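Chemist:
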Amino acid sequence: MNHSLGLIIESLVAVLLVLTIGYCMLLNSRLKRLKADEHSLKAVIAELITATEIAERAIGGLKLAVRDVNDNLGNQLAAATQMSDQLRKQLAESDGVVRRLSRIASAARPVTSPEAAPEPAPAPVPAITTEPVRVSSAKAVAAAAQAFSERRRTGGLAA
3 MNHSLGLIIE
13 SLVAVLLVLT
23 IGYCMLLNSR
33 LKRLKADEHS
43 LKAVIAELIT
53 ATEIAERAIG
63 GLKLAVRDVN
73 DNLGNQLAAA
83 TQMSDQLRKQ
93 LAESDGVVRR
103 LSRIASAARP
113 VTSPEAAPEP
123 APAPVPAITT
133 EPVRVSSAKA
143 VAAAAQAFSE
153 RRRTGGLAA
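Read in the numbering used here, the sequence shown has 81 at position 79, and its numbers run on one by one without any break.
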């Protein structure tokens, strides 16, 4: 009996040893797969780090571009505002000049009663001639001012 009990115990130890070896082989295969996954995971992490660095550099470049565009746009906006103010002042001055010219033109016209004065007829279009038309400069300025003020009153081109 002693021998049979020893044999049972040794065979039980042998079976447990075989099971342990089988389990160790299973764990070894799992560890190999995990190691392979670790290498691929390291490669993915390296690619992510590279992509992150590229993105950070691109963001820095974009920030510089935005800053430059903002400065340039601000300068252009300031110049446009200044130009608008200058144009507004020039328009106000030109209105004053037109008023003075129309006063000069009306003062240069002969004084007649308002009922007797016919409505001014549009100036006839002169035929094209080879001779230069000689008109005194004062009359030419007065006629131009009158035509300009008429266009302005009727909402024409000068308005």
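Just so it is clear, CB atoms sit at the ideal spot from N, CA and C, and this is done for glycine as well.
On a predicted model such as this, the values are computed, not experimentally measured, just so you know.
Please name the residue in 140, 43 and 88 whose C-alpha comes closest to that of residue 103.
Modeler: Of the listed residues, the one whose Cα sits closest to residue 103 is 140.
Chemist: Which stretch, first to last residue, makes up the alpha helix (DSSP H) that contains residue 22?
Modeler: First-last of the alpha helix (DSSP H) with residue 22: 4-110.
Chemist: Rounded to a whole number of angstroms, what is the C-alpha to C-alpha distance between residue 41 and residue 75?
Modeler: Their Cα atoms are separated by approximately 50 Å.
Chemist: Are the CB atoms of residue 151 and residue 82 nearer to each other than 8 Å?
Modeler: It is not a contact, given that the beta carbons lie outside the stated cut-off.
Chemist: Look at residue 144 and residue 110 and say whether their C-beta atoms are less than 8 Å apart.
Modeler: The answer is yes: Cβ separation under 8 Å.
Chemist: How would you call residue 84, buried or exposed, if buried means at least 16 neighbouring beta carbons within 10 angstroms?
Modeler: With fewer than 16 Cβ atoms within 10 Å of its Cβ, residue 84 is classed as exposed.
Chemist: How many Å lie between residue 68 and residue 101 at the Cα?
Modeler: Whole-angstrom Cα-Cα distance: 49 Å.
Chemist: Using the Cβ count rule (16 or more neighbours within 10 Å means buried), how would you classify residue 147?
Modeler: By the neighbour-count rule (16 or more Cβ atoms within 10 Å), residue 147 is buried.
Chemist: Between residue 19 and the rest of its own chain, which residues show a CB-CB distance below 8 Å, the 5 nearest in sequence each way excluded?
Modeler: Answer for residue 19: no residue qualifies.
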